[in-house]
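J.:
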Amino acid sequence: MKTSSKKIAVLASGNGSNLQAIIDHKTEKFEVALVLSNVKTAFALQRASKANIPAFYVSKTDRDKKIFSHLEKHKIDLVVLAGYLKKVGDNILEDFKVINIHPSLLPKHGGPGMFGINVHQAVIESKEKQSGATVHYVTGVYDEGEIIIQEKVDVLDDDTPESLAKRVLEVEHRIFIEGIELALRGS
Ligand code: GRF
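For the sequence shown, position 113 (counting from the first letter as 1) is numbered 426 according to this note's numbering, and the numbering increases by one without interruption.
1) Check whether the region 381–394 touches the region 340–358, taking contact to mean three or more Cβ pairs, one atom from each stretch, closer than 8 Å.
2) Helix, strand or coil for S350, going by three-state DSSP, please let me know.
3) Can you find the residues in the same chain that come closer than 7 Å, C-beta to C-beta, to L477, ignoring five residues on each side of it along the sequence?
4) Put V436 into one of helix, strand or coil per three-state DSSP.
5) Where are the alpha helix (DSSP H) runs, 4 residues long or more, that stay fully inside the region 396–483, in chain order?
6) E344 by DSSP, collapsed to three states: which one?
7) Does the distance between the C-beta of P425 and the nearest non-hydrogen atom of the ligand GRF fall short of 7 Å?
8) Find out if the Cβ-Cβ distance for the pair N331, G429 is shorter than 8 Å.
9) Check whether the Cβ of H415 sits closer than 7 Å to any heavy atom of the ligand GRF, and report yes or no.
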């Protein structure tokens, strides 16, 4: 029996390379039905439009209410944070399953301020031998929800935050798909 494709919404604040990896992954299990951004100029919005996916900028006033109504209207099964730099409101967390990707081996190097290059900088400063990427459920506390999937990346002696970020991002693009499928299995 053919199961129907689940609808995911991707929230992104920036470049959207993770969004692109999700769009490019051809599957009957899920489709990107909606893309939202808190940044008007986010390249992620352009990527979505190019792929003919409904994409909206959500301004600051009542942002979480606006996001909620977009999610309801598009009958979203799973909300995916892909480089989304705002906290998601409790109104959304109460009614939707939300997952996030983080570019370290959580619980290490997560929490407020730990985003983008800061994460890789902290990993190198802590002289970690390994870093990686983590897909996890989102709760009201930054980077603290249950881990869905993790993959390790070796930290090389001559790594800079930028070189490490690049290798971790390649892993992100792969494990995000697996994380989405695992999260959808329970929905
Ligand atoms: C990724 O490293 C992700 O883990 C983090 O922000 C970055 C977003 O990259 N949360 P992109 O916008 O998907 O290219």
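Built from N, CA and C at the ideal position, the CB exists for glycine as well.
T.: Straight from the coordinates:
1) Judged by Cβ distances under 8 Å, the region 381–394 makes contact with the region 340–358, as three or more pairs qualify.
2) Strand, per DSSP.
3) Within the same chain, H433, V436, I437, S444, V468 come within 7 Å of L477 by CB-CB distance, once the 5 residues on both sides are set aside.
4) If DSSP states are grouped into helix, strand and coil, V436 belongs with the helices.
5) Fully enclosed alpha helix (DSSP H) runs of no fewer than 4 residues occupy 403–408, 430–438 of the region 396–483, in order along the chain.
6) In the structure shown, the three-state DSSP call for E344 is strand.
7) P425 Cβ: outside cutoff for every heavy atom of the ligand GRF.
8) Here N331 is not near G429, since their CB atoms are 8 Å or more apart.
9) For H415, the distance from the CB to the nearest heavy atom of the ligand GRF is below 7 Å.
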